[in-house]
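*Asks:* So that we are looking at the same thing, I have put the structure below in structure tokens.
Residue numbers (this note's numbering): 320 to 504.
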């Protein structure tokens, strides 16, 4: 009985596999088909050579050497934003004007929103560190994973505390009132 079932199973497998092998073309048949396709494929209409290329008329033009009046003055620096040489005083004046314009955009709403966002990130990080440092019975594998997560959370908390310190320093430098950084009630 078992032998008959095995023979029937083999017959089914062979009967399905043979047509599949018969339908796949051999490598030689594929090579012949590709060769025939190459013969009927459209050829390039023209092959270009160096003689067909046109010389670039601008390449021959050599720029004239700068005149002495165009030479930068001593103490002049290249300003990327202006695209020309500027004196140190001009660069400082432009930088101060840009800083003043940026400060106008940093109003009370900006400082309050930034402080609230950073404060909420700090609270979440502190909560995560507290949760991970709570003593709980764990297997050694779970304890190792918890220790890694705790180390990551402590690093995130330290980074956020450093960001808060820098944020307070920038607020102090911008003469922002301390009340703008405190939570609103």
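For glycine and all other residues, C-beta sits at the position ideal for the given N, C-alpha and C.
Answer yes or no: do residue 406 and residue 395 have a C-beta to C-beta separation smaller than 8 Å?
*Replies:* yes
*Asks:* For residue 361, which three-state DSSP category applies?
*Replies:* Correct three-state label for residue 361: coil.
*Asks:* Excluding the 5 residues preceding and the 5 following residue 440 in the sequence, name in chain order all residues of the same chain whose CB lies nearer than 7 Å to its CB.
*Replies:* For residue 440, where only same-chain residues beyond five positions count, the Cβ hits under 7 Å are 479.
*Asks:* Assess contact between the stretch 468 to 478 and the stretch 491 to 501, defined as three or more Cβ pairs (one per stretch) separated by less than 8 Å. Is contact present?
*Replies:* no
*Asks:* Compare the beta carbon distance of residue 469 and residue 458 with 8 Å and say whether it is the shorter of the two.
*Replies:* no
*Asks:* Where are the alpha helix (DSSP H) runs, 4 residues long or more, that stay fully inside the stretch 421 to 470, in chain order?
*Replies:* 427 to 452
*Asks:* For residue 356 and residue 364, what's the separation of their Cα atoms in angstroms?
*Replies:* Rounded to whole angstroms, residue 356 to residue 364 spans 18 Å at the Cα level.
*Asks:* Give the range of the beta strand (DSSP E) segment to which residue 398 is assigned.
*Replies:* Run containing residue 398: 395 to 398, per the beta strand (DSSP E) assignment.
*Asks:* Quick check: what's the CA-CA separation for residue 450 versus residue 431?
*Replies:* 28 Å
*Asks:* Roughly how many whole angstroms lie between the Cα atoms of residue 417 and residue 400?
*Replies:* 11 Å
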